[in-house]
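Here the protein sequences line up with chains A and B, keeping their order. Going left to right, the first sequence walks through residues 1 to 191 as this note's numbering numbers them. Going left to right, the second sequence walks through residues 1001 to 1191 as this note's numbering numbers them. Heads up, the beta-carbon is just placed ideally off N, CA and C, and yes, glycines get one too. Values in this document were obtained by computation on a predicted structure and should not be read as measured data. A quick write-up on the structure given underneath.
2 protein chains.
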Amino acid sequence: MDVKTLCLGVLKLGDATGYEIKKQFEEGPFAYFNQAGFGSIYPALNALLNDGMVTCRDERQQGRPDKKVYRLTAAGEAALTAALHGRPALDKLRSDTIFMLFFAEMLDETHLRATYDGYLSYFRSCFEHVRSLDNTGITPGRLFVRDLGAEFYETMATYLAEHRERFFAELDAHQKAESTAKTGTGMGTGR
Amino acid sequence: MDVKTLCLGVLKLGDATGYEIKKQFEEGPFAYFNQAGFGSIYPALNALLNDGMVTCRDERQQGRPDKKVYRLTAAGEAALTAALHGRPALDKLRSDTIFMLFFAEMLDETHLRATYDGYLSYFRSCFEHVRSLDNTGITPGRLFVRDLGAEFYETMATYLAEHRERFFAELDAHQKAESTAKTGTGMGTGR
DNA sequence: TTATAATATATTGGTTCGATATATCTAAAG
DNA sequence: CTTTAGATATATCGAACCAATATATTATAA
């Protein structure tokens, strides 16, 4: 799914500006599962406009800068449908945090704890957010994705909370065993 | 975490060729959480070599093409440590499948079921794979990441398996309600 | 004998990301 | 009351990245 298709998907939910599309990937229903920045969205919208997949109308506003509101065309909806019927690529995740936790032994404890706790509170707030949403009148597909997300956030938060103390304890034990092995006798004065 | 840092991380586990580094992102301990292709890895290794972060030795082999085996230097390890002490970026996931499930109403049932079942068996095989690994002698960080992964895979597989029938039933009901609403009386002959 | 898969390196073109620039208004802090 | 910060809004540039492809050899399977 390239950014053009993602934009078509957002516009399927209703007319939007580039700015509003970006917000959908930050706070809206696509958050966490898909994302795109301005540097991809604005060129994508121009290309879609050029190909007749969307229309654009200018809207002047009181005070705030002018908007360009985009709307899906029939051709755009057809293109979205076609893209949705292709083979999905495998999920692609890039997690700096998990990369850091993998190398936990190389981190100083302050940084490690801050990273760990930041990850935990991130998933907690994701879960709280999804739980706070109103599910009435939502389509089955959107509801399913929302519930799957909630399940995922909760699992991560719970796991991180429950394994916190054990993880740090095991790291500590491992660190001590390492330094003991280095000094040889276990009676070393350190360094 | 750019690809250069990811390569340093892989090389921290032991000497490797570009080809072997790629495999680490496909089957190895970094699978699912991080990934990189040849188009990023080979240029990254050249840059790291240029900056003295790695050394490279040529190895001729019987039959197979020659290898270039890379090894982390002290400077490389220092750079890795520094990168691990930065602020982690938020997780970035791109899931075509979840995007498709979100728009389930727009998909024909065959495609939807194939996509759903493909996703389920993907997580099942991920879980089986992690479960089959030997955990003896592993560092606490690696073990933690492995267990977190297993928990995640299992959660996804279980959720998808348990909600399968209900999801398709609700979609069906929704589809019928839609077509009834369109024809107005509920006695429409279709079209 | 032919095709497929695995090992191994490398490049190219297109896509995408992060940072930055510009501009206006609102709300909060001083 | 004035400055600062934050939200709204569009846009672009260069760097980074990815998917596909090219090349070459060997082993295995059909």
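**7 Å CB neighbourhood of B:Met1156 in its chain, flanking five on each side removed** = Phe1123
**Prompt:** Is B:His1129 helix, strand or coil by DSSP?
**Reply:** helix
**Message:** Is it buried or exposed, B:Ala1036, if we count other Cβ atoms within 10 angstroms and call 16 or more buried?
**Reply:** buried
**Asked** Between B:Thr1065 and chain A, is there a C-beta pair that is closer than 7 Å?
**Response** With the sequence shown as reference, residue 1065 of chain B is identified as Pro, and Thr is not the correct amino acid for it. Judged by the 7 Å Cβ criterion, B:Pro1065 is not in contact with chain A.
**Residue-chain proximity (B:Val1130, chain A), Cβ-Cβ < 7 Å** = no
**Asked** If you measure beta-carbon to beta-carbon, which residues of the region 1010–1037 of chain B are closer than 9 Å to chain A?
**Response** Lys1012, Pro1029, Phe1030, Tyr1032, Phe1033, Asn1034 and Gln1035
**Request:** Please name the residue or residues paired with B:Ala1016 in a DSSP beta bridge.
**Result:** B:Tyr1070
**Request:** Measure how close the beta-carbons of B:Tyr1070 and B:Thr1017 come, nearest whole angstrom, since I'm counting them as under 8 Å.
**Result:** 7 Å
**Item:** B:Pro1065 versus A:Tyr42: straight-line alpha-carbon distance, rounded
**Value:** 45 Å
**Request:** Establish whether the CB of B:Gly1076 and some CB of chain A are separated by less than 7 Å.
**Result:** no
**Message:** Contact criterion: CB-CB distance below 7 Å. Does B:Gly1141 meet it with respect to chain A?
**Reply:** yes
**Request:** Whole angstroms is fine: what's the gap from B:Ala1079's alpha carbon to B:Leu1006's?
**Result:** 11 Å
**Prompt:** By Cβ distance, which residues of its chain are closer than 7 Å to B:Tyr1119, with the 5 residues on each side in sequence left out?
**Reply:** Thr1097 and Leu1160
**Request:** Specify the secondary structure class of A:Arg94 as computed by DSSP and reduced to three states.
**Result:** strand
**Helix, strand or coil at A:Asp172 according to DSSP, with G and I counted as helix** = helix
**Prompt:** From this set, A:Leu93, A:Val54 and A:Met1, which residue's C-alpha is nearest B:Phe1152's C-alpha?
**Reply:** A:Leu93
**Message:** Per DSSP, what are the beta-bridge partners of B:Cys955 in this structure?
**Reply:** Only positions 1001 to 1191 of chain B appear in the structure, and residue 955 of chain B is not among them; the question remains open.
**Residue-level contact to chain A via CB, B:Thr1110, 7 Å cutoff** = no
**Item:** Coil, strand or helix - A:Ala78 by DSSP
**Value:** helix
**Request:** Check whether the Cβ of B:Val1003 lies closer than 7 Å to any Cβ atom in chain A.
**Result:** no
**Item:** Three-state class that DSSP yields for A:Arg142 in the structure shown
**Value:** helix
**Message:** Does the region 1054–1061 of chain B come into contact with the region 46–61 of chain A, if we say contact requires no fewer than three beta-carbon pairs (one atom in each stretch) closer than 8 Å?
**Reply:** no
**Prompt:** Mind pulling the chain A residues with CB within less than 9 Å of B:Asp1091?
**Reply:** Tyr32, Leu93, Arg94, Ser95, Asp96, Thr97, Ile98, Tyr119 and Tyr122
**Message:** So, with DSSP's three-state summary, where would you put B:His1111?
**Reply:** helix
**Message:** Beta-carbon within less than 7 Å of A:Val130's beta-carbon, same chain only, minus the 5 sequence neighbours each way: which residues are those?
**Reply:** Arg146, Gly149, Ala150 and Tyr153
**Test: B:Thr1081 CB closer than 7 Å to a CB of chain A** = yes
**Prompt:** Can you name the start and end residues of the alpha helix (DSSP H) that A:Gly39 belongs to?
**Reply:** Phe38 to Asn50
**Supposed close pair A:Leu107, B:Leu1084 - CB separation, criterion 8 Å** = 6 Å
**Prompt:** In this structure, does DSSP put B:Glu1154 in helix, strand or coil?
**Reply:** helix
**Neighbour-count burial assignment, B:Ser1179, 16 or more Cβ in a 10 Å radius** = exposed
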